[in-house]
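Sequential numbering from 1 applies to the sequence shown in full-length UniProt numbering.
Ideal placement from N, C-alpha and C gives every residue a C-beta, glycine not left out.
Predicted model, so just to flag it, every value in this text is computed and none were measured.
I have placed the structure first, in the form of structure tokens, so that the comments after it can refer back to it.
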Amino acid sequence: MATNLIDTIQQNLGYPPLEKIDPNQQELKSDNGHKFTHELGQAAIPAVLAGLYKQSQSETGASQILEADPDAGALQLLFERKEDVAVEKVSRYTGVPAEKSRIAMERIAAEAVRLVQELVKNTPTPGKVKAIMGDQRHNILVYLPAAMQMGYLLGDNTLDDRTNKMEGPISSFMHKIEDKMAGKDS
């Protein structure tokens, strides 16, 4: 799949480019004295997409994504009524007030759901949603700060595991094998 949801959402909503997480340190690779708005995007975009990924991996969740009105409760849909905890995690990580974090996360969730619906418009099936988000998993994980513990919130500790954030020829090959074994390849 050619579309990288992280990059597309970052560009569409006007956030500065995100930085990848160092898999060894579990934090940003460089600290350039980010402004809060940058940190908010750095934390909120991958956090929301982790929720979208997790929701898309069940038949029911993928169907709900297909049928959702992006502008009406997308954040609640992605976090299954745990959105307050997700907002608090992003707020705590960034130092941005919870209300500002919530507004940003709601915009990101609406844009993410809208993009996925657009990507599957020719074949709007739960399986297609699952495949698209399966293809996005690694792109999401390399930007997701482990300190927020989104994997714990979503019931999938592999999201916070440093081995899933590694890149390079061998790691990329291993991620492809993982995807094949999990039936994620499209």
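Practice task
With distances taken Cα to Cα, identify the nearest neighbour of Val120 among Ser63, Ser58, Leu144, Ile21.
Solution key: Ser63
Handout entry: Where Gly41 falls, given that 16 or more other Cβ within 10 Å makes a residue buried
Key = buried
Problem - Same chain only: Cβ atoms within 6 Å of Arg102, ignoring 5 sequence neighbours per side - result: Listed in chain order, the non-local C-beta contacts of Arg102 below 6 Å within the same chain comprise Val87, local neighbours out to five positions each way being set aside.
Exercise for the section: Mark Glu67 as exposed unless 16 or more other C-beta atoms lie within 10 angstroms of its C-beta, in which case mark it buried. Expected result: Under this definition Glu67 is an exposed residue.
Handout entry: Cross-strand partners of Ile132 (DSSP beta bridge)
Key = Note: Ile132 sits in no beta bridge, so no partner.
Exercise for the section: Could you check the C-alpha separation between Asn122 and Gly95 for me, to the nearest Å? Expected result: One Cα belongs to Asn122, the other to Gly95, and the distance between them is close to 41 Å.
Problem - Outcome for Arg137 when other beta-carbon atoms lying within 10 angstroms are tallied against a minimum of 16 - result: buried
Practice task
Could you say which of Thr158, Asp69, Asp7 lies nearest to Glu19 if we only look at CA atoms?
Solution key: Asp7
Handout entry: Proximal residues to Tyr143 (C-beta, below 8 Å), its chain only, five neighbours per side dropped
Key = Ile6, Leu18, Glu19, Lys20, Ile21, Gln42, Ile45, Pro46
Problem - Closer than 8 Å to chain C by CB, Thr158 - result: Although the question refers to chain C, the structure presented lacks it and comprises just one protein chain.
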